[in-house]
Amino acid sequence: MSKMKDMPPKFSAPEWGPRNPRDFGIPDADRSRSQLVIENSRTLVEESDWAAERMQEDVNKKLEHRIQDIRMWRQELYRKLDEMMQEIELLVIMGTREKQLGIVCDDVERELMKERELTEKVISLLQHSLKQITEQISVPVSLEEWERLTNMNLSSVEQERQNSVNLRAMLESMLEKAATDILRQHKASGTMLQLNIKDNRTAKKQIEDSLAKVQADIESQDRNMESLKAAIEDKKQLLSVVQVQLAARSQRPGIELCQDSAQTQLYAEAQELSAYINRLSEALTRAVMEQRALNQHHLSLGKQIQLKSHAVYIDEAIYGQLCQPNDIYKF
């Protein structure tokens with residue numbers, strides 16, 4: 002009984018007939034809707050593909066245009082950078098004036114330092130601009146903002162370059178004037194140098210002439226001193242003879258020991274010889290003093306000749322070579 006109750010219900014033939022078309026009609030509706038979805042999907046895919054392709058083409062065109070702009074601006078910046086490098090080369094050439102004009106911190110040197118600082122600042126600005134261009138490729142920035150920044154940088158660079166050109170023109174004028182002044186002063190210095198060399202040579206010749214005369218006086222004084230010494234020695238020998246004679250005559254016996262004319266003459270001769278010896282000795286003393294003075298004068302003249310010779314050597318051999326005319330570039 003239980004199994005019979007679980008059996009599905011049975012329908013009669015009249016009931017089955019109307020139900021059968023209805024049950025088969027449901028899958029047909031689903032299929033129709035499915036086909037519609039498929040068609041709609043296919044249309045949507047085609048439409049989206051076309052739209053995507055069109056948008057991709059537009060994007061590619063805009064990107065290509067932007068890349069061309071970036072390349073153009075980068076080329077322009079490189080050109081500006083090349084111009085600044087040329088300015089630097091000119092400054093380097095100007096830097097050689099330190100070797101030609103001397104290491105002097107004059108107005109020209111200070112202006113050159115200003116131009117170098119200005120050029121370095123511009124180079125830094127250009128490098129910063131190139132960095133910005135590189136960043137523009139990867140960083141999403143609006144085209145208007147990018148063009149504004151690029152134009153601003155180029156305008157600033159052009160202004161700085163023009164300032165550098167103007168400054169260089171001013172420096173060229175200053176250097177030309179400095180070169181003219183230096184050449185004029187160099188010529189004046191050379192003239193004075195030659196005149197000084199001539200004066201020193203003339204003075205040296207005069208001192209050498211004086212030295213020769215002093216040397217002759219010294220030699221003459223030497224002969225005079227030798228003559229005085231010989232005369233003194235001769236008079237001393239004569240005086241010794243007279244003194245011996247006087248001593249011998251003082252030994253005469255008795256009445257022979259008298260003051261006769263011979264004795265008187267011997268006394269007079271002894272006195273006269275003594276007087277001559279004294280005068281000759283005084284003359285020898287004066288000659289010795291004069292000889293010392295001449296020797297001092299001779300030594301002084303010798304030192305002056307050495308000084309003049311050294312002065313001529315410095316002016317002619319050393320300073321003259323250092324002051325040889327050099328090419329002074331006016332840039």
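When we follow this note's numbering, the leftmost residue of the sequence shown carries the number 2, and every step to the right adds one. C-beta atoms are modelled at their ideal positions from N, C-alpha and C, and glycine is treated no differently. This structure is a prediction, so every number in the text was calculated from the model and none was measured.
Q: Go through its chain and collect everything with a Cβ distance to Lys309's Cβ below 7 Å, but skip five positions before and after it.
A: Asn201, Ala204, Lys205 and Ile208
**Q.** As assigned by DSSP and simplified to three states, the class of Asp261
**A.** coil
Q) So, is Val166 buried or exposed, given that buried needs 16 or more other C-beta atoms within 10 angstroms? A) exposed
Q: Give a yes or no on whether the minimum CB-CB distance between Glu273 and chain B is below 7 Å.
A: Note that chain B does not occur in the displayed structure, where there is just one protein chain.
Q) Whose C-beta lies closer than 7 Å to the C-beta of Leu302 among residues of the same chain, with five residues either side of it excluded? A) Ile208, Ser211, Leu212 and Val215
(Q) Tell me the DSSP secondary structure of Arg253 in three-state form. (A) coil
Q. When we look at the beta-carbon of Leu300 and count the other beta-carbons within 10 Å, is it buried (16 or more) or exposed?
A. exposed
Q. Among Tyr79, Gln307, Ala288 and Ala294, which has the Cα closest to the Cα of Gln222?
A. Ala288
Q) How should Asp261 be labelled, buried or exposed, when 16 other C-beta atoms within 10 angstroms of its C-beta is the threshold for buried? A) exposed
(Q) Applying the 10 Å Cβ sphere with the 16-neighbour rule, what's the burial state of Lys236? (A) buried
Q. What distance in whole Å lies between the Cβ atoms of Leu229 and Leu294, which are believed to be in contact at a cut-off of 8 Å?
A. The amino acid at residue 294 is misidentified as Leu; the sequence shows Ala. That pair is no contact at about 17 Å.
Q: Count the C-beta pairs between the segment 239-254 and the segment 263-270 that are closer than 8 Å, then say yes if the count reaches three, no if not.
A: yes
Q. Quick one: what's got a C-beta closer than 8 Å to Asp316's C-beta in the same chain, skipping five residues either side?
A. Leu194, Asn197, Ile198 and Asn201
**Q.** Integer-rounded CB distance, given that Gln292 should sit under 8 Å from Ile219
**A.** 7 Å
Q. When you compare only the Cα positions, how much space is there between Glu234 and Ala249?
A. 22 Å
Q: Between the Cα of Gln160 and those of Lys122, Glu273 and Ile256, spot the shortest distance and give me the residue it belongs to.
A: Lys122
Q: Quick one: measure Cβ to Cβ for Leu281 and Ala232, integer angstroms, because I've assumed they're closer than 8 Å.
A: 5 Å
Q. Distance, Cα to Cα, Gln272 vs Leu240?
A. 9 Å
**Q.** Straight-line gap, Cys259 to Arg253 (C-alpha atoms, nearest Å)
**A.** 8 Å
**Q.** Alpha-carbon spacing of Ile256 relative to Gln238, whole angstroms
**A.** 30 Å
Q: Using the Cα positions of Ser333 and Asn164, report the straight-line distance between them to the nearest angstrom.
A: Here the chain covers residues 2 to 332 and nothing more, so residue 333 does not appear.
**Q.** Alpha carbon of Ser251 to alpha carbon of Asn225, nearest angstrom
**A.** 38 Å
Q | C-alpha distance - Glu118 paired with Ile306, whole-angstrom precision | A | 55 Å
Q: For Val60, collect the residues of the same chain with a Cβ closer than 8 Å to its Cβ; drop the 5 residues on either side in sequence, then sort them by chain order.
A: Low confidence applies to Val60: its pLDDT is 45, below 50, so where it sits in the model is not reliable, and the reading given next is rough at best. Once the five neighbours on either side are set aside, Val60 has no close Cβ partner at all.
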